[in-house]
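Sequential numbering of the sequence shown, starting at 45, is according to my numbering. Virtual Cβ for every residue (Gly too), placed ideally from N, Cα, C.
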Amino acid sequence: MEINCEHHQILLELIRQVPDLKDELQPLIQTDKWSLDKRHSLINLLVQHLLHSDSLSSKFCEQIQNIFPRYFIAFIHRLYTAVNFSNKITNQISIKQRFLVLLAQILQDYPSLHTITENHLLSTDTCLIEWNEESPKKKLKTKVNNINDHVYLLVATLRLLLLSNSKINLVHSWKWNTLIHLLQNTDDDNVKWLAFLCLSIVFNMSSNQQDLYRPNVSNTTIFKINDLINSKSTLPHSISTCDNLFIDNDFKKRTVFISGIPLSKYNMDKKLNDNETQIEIKMTYTPTIDKCLREIALSVTLGWTTLIYSSISNGKTLIVEYIAQQIGKRLIKIQCSDHMDSKVLLGTYQCTDKPGEFIWTPGLLVEATSEGHWLLMEDIDAASSDVLSTIKSLIETKSIGYGSISPDFRLFLTQRDTGVPVQSNELIHLLKCVFCIVIPSYTDSEIIQIMENLPIWNNDLQLFQMKLFQLYQSLQNTKGSINTRLVTLRDLLKCCHRLSSLSISLSVDRQLAFYDVLDCFASFLPKLNRLEIIQSIGTLFNMNNQEAEFYALKSMLEFDDRDSQYFSIGHVKLEIQKKKIQSLQQQYCFAKTRTAMYILERIARCVQMNEPVLLCGETGKNFIFSFRNFYFVFEGCGKTTLVQYLAQKTGI
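Put into structure tokens, the structure is as follows:
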């Protein structure tokens, strides 16, 4: 892939701002084409310079920060990977120590790097400064302003201790006796004061204890250390950047850009179970979706708990699934209800095969927090007060009672806009602790854009697309009653997906398309309100009112169960599964009434299109499936009998 830019001038500008790179950039300047290999060579060169800076006070990181503002975090992601595979030591200071110093310097300007810092702290089990009592004291080389490497290491340690999330990890994992030795034996007032500040945080000293153990240092030293801790960049802000040397895909192995926000990429292979299949999610970037993706990506980088609020079928869950798939994170989803208690989240004891023995099984929340997965709790407004209290405690205390929370853990909540104000006090208090993102309803132009980007439109369906949208628009303006629901965007997209395999020019497919549109847009309506919608759908297929009413309400579906390979019901044909071992099955006495055949065809069509099903009926009709994406209303037909009969006929 080529970049249409004058890379020679940009590279010369890079040399002007960083003269130390002149010799190494000369081969790249002499190339005519700025290819992918050349871009990767420059990326590796800059990462190596970041990794092997000559001193802890090097300004090279600040220079890269000014020259590549868009891709600076992507460089840190690459550097983080390089550090994990490097054990080299430069001037008695390991690469991991240098990387921690670098992170401590830039965290104030880049809080999105807190997750990488936390993960790196967990993998680094030694203190930044190591003390060897048997070796003689070595006077470290003095840097600018009479500051040695110990000072930079202690400043980095102090900055890391001031991070609320990392303090507990540092206190329990690092060896702090080194700082005690420094405090007692060093002659450098800068080192002595910094060691005292770090130890006062580690031991959680009170003000009286700090006055008691305070070392004898001058106020000048204290002011100088404060200036060093709060130092700002001394480099002039670069007017001309060199971001045009790269594109986002150059960093795709380690970084994913979601609407311009860089997110670190994870390895998804080990996250999937054997029975999980990864289906690629394709997203249409409308202005509303792009804004929502950017806000969610920003909340992910900052580690915030996010509440996504919108009307039904606006893609709340899909957007989170898309981001999780792009960066390679496993997403655990929980559908909240008032029947769910905190045991589902925290865990419970379960009995084993041995009588009287119980084992602890962790809940989904404990699993997600300990292993660094993402947790999505849908319809949080329907959750019980017990669950809301547990989530609120997790957000406020950053803990879950026992065990540590992985820095990679993220929590997402969704809430539907039902038009009814929130009544629960627990939910009101919870909403004060989260970052709320509101997804407005999509405009007509955005819905058309989403439909056009679906990979389903053939020549026959291209002209049918706008007619289908106009039908959806007219149904949207229809007021629903209390006992029914409105047509949603999910119904429209489901209908488009069903029509993708049909050719409307053929009479057989035209009738099946009519039934699909009827099923998606009118099947959930009561009989009294259904007739007008049926006539509107019939006009899409050039049917008069009588013909549309006949196919929808009066026609008898064909039934063929004599074929050994396929089972046919109406316009739907399902392949019969051949079992290796033939078992005795109960033979159902099935009355082929029009109502039963009509419902059986609809279920078979859902099975054919691999769609989830919700079967609804009177109490005592054996409730079968509970999915939110699709549902049926039955009128006097056994739900269990229909599913069992279809399973028997298809050999399942």
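Query raised in the report: To the nearest angstrom, how far is it from the Cα of residue 391 to the Cα of residue 203?
Result: Using only the alpha carbons, I get a separation of about 36 Å.
Query raised in the report: What does a CB cutoff of less than 7 Å around residue 36 pick up in its chain, not counting 5 residues either side in sequence?
Result: Residue 36 is absent from the model: the chain starts at 45 and stops at 696.
Query raised in the report: Skipping 5 residues on each side, what residues in its chain have a beta carbon closer than 6 Å to that of residue 585?
Result: So the qualifying residues of the chain are 554, 558.
Query raised in the report: For the alpha helix (DSSP H) that residue 494 lies in, which residues bound it at each end?
Result: That run of the alpha helix (DSSP H) goes 488-496.
**Report entry** Per DSSP, the bridge partner or partners of residue 306
**Finding:** Its beta-bridge partners are 301.
Report task. Could I get the ranges of all uninterrupted alpha helix (DSSP H) runs contained in the stretch 428-498, with 4 residues as the minimum, in chain order? Result -> Fully enclosed alpha helix (DSSP H) runs of 4 or longer: 429-441, 469-475, 488-496.
Query - CB of residue 403 within 8 Å of CB of residue 366, strictly - result: No.
Query raised in the report: Are the beta-carbon atoms of residue 616 and residue 593 separated by less than 8 Å?
Result: No.
Query raised in the report: In whole angstroms, what is the alpha-carbon distance linking residue 307 and residue 201?
Result: It is roughly 26 Å from the alpha-carbon of residue 307 to the alpha-carbon of residue 201.
Query - Expected contact under 8 Å - CB spacing of residue 269 and residue 483 to nearest Å - result: With 8 Å as the limit, residue 269 and residue 483 do not qualify as a contact, their Cβ atoms being about 48 Å apart.
Query raised in the report: Three or more beta-carbon pairs under 8 Å between the stretch 508-523 and the stretch 326-345, yes or no?
Result: By the Cβ criterion, the stretch 508-523 is not in contact with the stretch 326-345, since fewer than three pairs of Cβ atoms, one from each stretch, lie closer than 8 Å.
Query raised in the report: For residue 694, which residues from the same chain have a beta carbon less than 7 Å from its beta carbon, with the 5 sequence-adjacent residues on both sides left out?
Result: Excluding positions up to five away in sequence, the list reads 611, 618, 620, 621.
Requested in this report: Go ahead and pull the three-state DSSP assignment for residue 603.
Outcome: It is a strand residue.
Requested in this report: Figure out for me which residue from 427, 470, 436, 456 has the closest Cα to the Cα of residue 419.
Outcome: With distances taken between Cα atoms, residue 419 lies closest to 456.
Query - Any 3 or more C-beta pairs closer than 8 Å across the stretch 103-111 and the stretch 58-73 - result: Cβ pair count under 8 Å is three or more, so yes.
Query - Proximity to residue 682 [Cα-Cα], best of 309, 647, 651, 535 - result: Considering only 309, 647, 651, 535, the residue with the shortest C-alpha distance to residue 682 is 647.
**Report entry** DSSP beta-bridge partners of residue 376
**Finding:** According to DSSP, residue 376 shares a beta bridge with 419.
Requested in this report: Please determine if the stretch 113-121 and the stretch 284-300 are in contact, where contact requires at least 3 C-beta pairs separated by less than 8 Å.
Outcome: Short answer: they touch.
Query raised in the report: Does DSSP put residue 91 in a helix, in a strand, or in coil?
Result: The answer is helix: DSSP assigns residue 91 an H, G or I state.
Query - Alpha-carbon to alpha-carbon, residue 223 and residue 195 - result: Going by C-alpha positions, residue 195 is about 12 Å away from residue 223.
**Report entry** Candidates 310, 331, 425, 387: closest to residue 369 by CA position
**Finding:** The shortest Cα separation from residue 369 among 310, 331, 425, 387 belongs to 310.
Query raised in the report: Counting pairs of Cβ atoms below 8 Å between the stretch 227-246 and the stretch 257-273, do you hit three or more?
Result: Because the criterion of three Cβ pairs below 8 Å is met, the stretch 227-246 and the stretch 257-273 touch.
Query - Inter-residue Cα distance where the pair is residue 151 and residue 696 - result: Between residue 151 and residue 696, the C-alpha separation is close to 57 Å.
Query raised in the report: So, residue 424 versus residue 532, is the Cβ gap smaller than 8 Å?
Result: Not a contact, by the Cβ cut-off of 8 Å.
Query raised in the report: Thinking C-alpha only, which one of 543, 530, 480, 519 is nearest residue 506?
Result: Considering only 543, 530, 480, 519, the residue with the shortest C-alpha distance to residue 506 is 543.
Requested in this report: Output yes if chain D places a C-beta closer than 8 Å to the C-beta of residue 104; else output no.
Outcome: In summary, chain D is missing from the structure at hand, where a single protein chain is found.
Requested in this report: Have a look at 207, 205, 172, 206 and flag the residue whose alpha-carbon is nearest the alpha-carbon of residue 193.
Outcome: Nearest option by C-alpha distance: 172.
Query raised in the report: What are the boundary residues of the alpha helix (DSSP H) that includes residue 71?
Result: Per DSSP, residue 71 belongs to the alpha helix (DSSP H) from 66-73.
Query raised in the report: Under three-state DSSP, which class holds residue 50?
Result: Three-state result, residue 50: coil.
Query raised in the report: Cα separation between residue 149 and residue 55?
Result: Here the C-alpha atom of residue 149 lies approximately 27 Å from the C-alpha atom of residue 55.
Query - First through last residue of the beta strand (DSSP E) which encompasses residue 613 - result: Here the beta strand (DSSP E) through residue 613 covers 610-613.
Query raised in the report: Opposite residue 395 in the DSSP bridges: which residues?
Result: DSSP output for residue 395 lists 402 as bridge partner(s).
**Report entry** residue 222 in three-state terms, based on DSSP
**Finding:** In the structure shown, residue 222 sits in a helix (DSSP, three-state: H, G or I).
**Report entry** Whole-angstrom C-beta distance between residue 562 and residue 581, which should lie under 8 Å
**Finding:** About 6 Å; that satisfies the 8 Å criterion.
Query - Proximity below 8 Å, CB of residue 642 to CB of residue 601 - result: Yes. Within cutoff.
**Report entry** CA-to-CA distance, residue 162 to residue 226, given in whole angstroms
**Finding:** Per the coordinates, the alpha-carbon of residue 226 lies some 26 Å from the alpha-carbon of residue 162.
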